[in-house]
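Heads up, the sequence shown is in our numbering, so the first residue is 16 and it goes up one at a time.
Ideal Cβ positions, reconstructed from N, Cα and C, are used throughout, including at glycine.
What you are looking at is a predicted structure, and each value in this text was computed from that prediction instead of being measured.
Okay, structure first, notes after.
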Amino acid sequence: MIDVKLLRTDPEAMHQAIRLRKVDPQKADLDRWLQLDERRRHLQTSIDKLNTAKKELSRLGRTDPEAARQQGQELREQSRQLEQEMDQLSAQWQAILDWMPNWPHPEMPPGAGEEDNLEEKAWIPGKGYLEAGQLGHSAAQMPAFPCHADSGNFTPQVHADLGARLGIDTQQAGKVSGSRFTYIRGDLALMQHALAQLLIGELLRRGYEILIPPLLVREPALYGTSHFPEGRAQVYAIQSDNVEDQTQLFLIGSSEPANFSCFAGRTLREDELPQRLFAYTTCFRSEAGSWGRDVKGIKRVHQFDKVEMNSVCTPEQSEAIYEEFGGINEWLMQQLELPYRIVDKCTGDAGYLASHRQRDIEVWMPGSREYMEVMTDTNTTDYQARRLDIRYKAAQGGTRFCHTVNDTGCAMGRMLIAIVENYQQQDGVVKVPAVLRQVMGKDYLQPK
16 MIDVKLLRTD
26 PEAMHQAIRL
36 RKVDPQKADL
46 DRWLQLDERR
56 RHLQTSIDKL
66 NTAKKELSRL
76 GRTDPEAARQ
86 QGQELREQSR
96 QLEQEMDQLS
106 AQWQAILDWM
116 PNWPHPEMPP
126 GAGEEDNLEE
136 KAWIPGKGYL
146 EAGQLGHSAA
156 QMPAFPCHAD
166 SGNFTPQVHA
176 DLGARLGIDT
186 QQAGKVSGSR
196 FTYIRGDLAL
206 MQHALAQLLI
216 GELLRRGYEI
226 LIPPLLVREP
236 ALYGTSHFPE
246 GRAQVYAIQS
256 DNVEDQTQLF
266 LIGSSEPANF
276 SCFAGRTLRE
286 DELPQRLFAY
296 TTCFRSEAGS
306 WGRDVKGIKR
316 VHQFDKVEMN
326 SVCTPEQSEA
336 IYEEFGGINE
346 WLMQQLELPY
356 RIVDKCTGDA
366 GYLASHRQRD
376 IEVWMPGSRE
386 YMEVMTDTNT
396 TDYQARRLDI
406 RYKAAQGGTR
416 FCHTVNDTGC
426 AMGRMLIAIV
436 ENYQQQDGVV
446 KVPAVLRQVM
456 GKDYLQPK
């Protein structure tokens, strides 16, 4: 949520943010909001005056009870009418405010979509980082063949063609649950556990707190993290008749709403910040609007597992945490020896409304000769903290809103895809990354 004082003092900056972020101007109707805001403040002044007048009636009641009673009735009726109007105006005022995007970072690249994202880095196993002059067209520098193949010069397969014999069973899952669900079996399932163990072990060594959050949350958790109202179509709702108090519950698409809601309504001490935590959870997403895209394999499914990193921090800490999360992303990619790039997401592709700054880590896929996003790092400044009412007491006095930063530490299904494609051999066998071999106890995935 935006600081309304800034909207009042510099509305043109928000007009520009709405244009840059490609937000529907009919939903984020700032001009209408300013009109409602002016009327709302005028109404509040009138209500305050009436409340003062009602308090003063007590003195009149001691000398002229009948006059006091009559005036009291009139004041109460006026108050009722004004408060009713205030409620209606406030609902409209809030509905528009909910669509105001976070202020873009000054260095967020302007652009309409993913084609305008800016390459920050690109890395190839055995070669290291590309030079600055090679960025912007790094795909031309990426390996033509799987970079961990024992011998090159063969046409690599995409994961969907390799997956069936490795333990990806979308056919049977389709019979059980419908499209975009899968069974992952055998060595590939074991590899997912090894991946989780690798990253979780590193986060624990760095002092991060592990959290097991609820997978079902109420609406305030999703609203508070800006997944509502914008992303409502992507979220599965549970039939409320099956809930004890008939409250609507929703399946999480990320542990972020549950993790940050752990701090909702709280005021922390400055010396308690930053809070660094992570969760390894199953997540759910409807994929509304993507039907027909990526229908083969497990790139775009309704149920998936993720390690999510989150931080509640001070405004002065959030940029450093953002970079810290990005460093952990790179650590994992280099441990797995996967070719990747990092893109600074442009204004038209920067995820949800809460994004102040966002980057994706994209792995190179030799089978399809394209990049695939596997991690996202986002600084949301105080946008989510305002909605969730997460504050801290500053050491020098006063109470301020916290900042929040979140990161997809590892999207498990997509990371499995990346390993399968980059470690495939000419005969279709898939080698296990060296860093996972001790946990898995094998060097190659055994076909099912």
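- The three-state secondary structure of Ile17, taken from DSSP, is coil.
- In this structure, His242 lies away from Ser333, with their beta-carbon atoms at least 7 Å apart.
- For Glu98, the closest of Leu65, Gln86, Trp138, Met29 by C-alpha to C-alpha distance is Leu65.
- Apart from sequence neighbours up to five positions away, the residues of its chain that approach Trp108 with a beta-carbon distance below 8 Å are Trp48, Leu51, Asp52, Arg55, ordered along the chain.
- If you look at Arg233, you'll find it in the beta strand (DSSP E) that goes 231–233.
- Under the three-state reduction of DSSP, Glu352 is assigned to coil, being neither helix nor strand.
- As the crow flies, the alpha-carbon of Thr393 is around 6 Å from that of Asp422.
- Gln441 places its beta carbon less than 7 Å from that of Phe169.
- DSSP, reduced to helix, strand and coil, places Val435 within a helical segment of the structure shown.
- Rounded to whole angstroms, the separation of the alpha carbons of Asp18 and Gly342 is 30 Å.
- The criterion of a C-beta distance shorter than 7 Å is not satisfied by Leu177 and Val358.
- Segment contact: the region 254–263 against the region 283–302, fewer than three CB-CB distances shorter than 8 Å; contact not assigned.
- Boundaries of the alpha helix (DSSP H) harbouring Lys190: 185–192, taken from the DSSP string.
- The bridge partners DSSP lists for Leu45 come to none.
- Around the Cβ of Val191, a 10 Å sphere holds fewer than 16 other Cβ atoms; the residue is exposed.
- Per the C-alpha coordinates, the member of Arg406, Met387, Met390 positioned closest to Thr396 is Arg406.
- Taking one beta carbon from each stretch, the region 286–297 and the region 320–328 have 3 or more pairs nearer than 8 Å; the two touch.
- Excluding five sequence positions before and after Arg356, the CB atoms of its chain that fall closer than 7 Å to its own CB belong to Glu134, Lys136, Ala137, Ser153, Glu377, Tyr386, given in chain order.
- Relative to the Cα of Gly268, the nearest Cα in the group Ala279, Val250, Asp375 belongs to Val250.
- Comparing C-alpha distances from Thr391 to each of Ala426, Thr362, Gly382 shows the shortest one belongs to Ala426.
- Residue Glu388 holds the alpha-carbon nearest to the alpha-carbon of Asp375 among Gly443, Pro381, Glu388.
- Take the alpha-carbon of Gly141 and the one of Val232: they are about 44 Å apart.
- Along the length of the region 270–300, whole beta strand (DSSP E) runs at least 3 residues long occupy 282–284, 290–299, reported in chain order.
- Around the beta carbon of Leu21, fewer than 16 other beta carbons lie within 10 angstroms, which makes this residue exposed.
- Residue environment analysis places Asp165 among the exposed positions, since fewer than 16 neighbouring C-beta atoms fall within 10 angstroms of its C-beta.
- Counting C-beta atoms within 10 angstroms of its own C-beta, Leu219 has fewer than 16 neighbours from the protein chains shown and is therefore classed as exposed.
- Taking C-beta atoms as the reference points, Leu226 and Leu292 count as a pair closer than 7 Å.
- In the DSSP assignment, Gly201 falls within the alpha helix (DSSP H) that extends over 201–220.
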